[in-house]
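S.K.: I have a structure here, written as structure tokens, and I will follow up with some questions on it.
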Amino acid sequence: AGMNYAVKLYKEGNMTVKQICEITNVSRAALYRELAEDKFIK
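Sequence positions in the sequence shown follow the working numbering and run 9 to 50.
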């Protein structure tokens, strides 16, 4: 659940990755990997 929330926050674009990771307890590496798989990062 945390990862989905992290991706949602990232898409909204109001927070830094660092803030998102602190809130959702997801590691930066895991978040970037998830985003890369979903092709959000160009």
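All C-beta atoms, glycine included, are put in the ideal place defined by N, C-alpha and C.
In angstroms with no decimal places, state the Cα-to-Cα distance between E45 and M11.
M.R.: In the sequence shown, counting from the first residue as 1, residue 45 sits at position 37. In the sequence shown, counting from the first residue as 1, residue 11 sits at position 3. Roughly 13 Å between the two C-alpha positions.
S.K.: Rounded C-beta distance between A14 and I28? I'm assuming under 8 Å.
M.R.: Position 6 of the sequence shown holds residue 14. Position 20 of the sequence shown holds residue 28. At roughly 5 Å, the Cβ-Cβ gap stays under 8 Å, so A14 and I28 are in contact.
S.K.: Around the C-beta of T24, are 16 or more other C-beta atoms found within 10 angstroms, so that it is buried, or is it exposed?
M.R.: Sequence index remark: in the sequence shown, residue 24 carries index 16 (1-based). Counting Cβ neighbours within 10 Å, T24 comes out exposed, since fewer than 16 surround it.
S.K.: Under the three-state reduction of DSSP, which class applies to G10: helix, strand or coil?
M.R.: By 1-based counting over the sequence shown, the position of residue 10 is 2. Helix.
S.K.: Counting only the same chain and skipping the five closest in sequence on each side, list residues whose C-beta sits under 6 Å from that of L17.
M.R.: Along the sequence shown, read from residue 1 onward, the residue named residue 17 stands at position 9. Closer than 6 Å at the Cβ level, and outside the excluded window around L17, lie M23 and I28.
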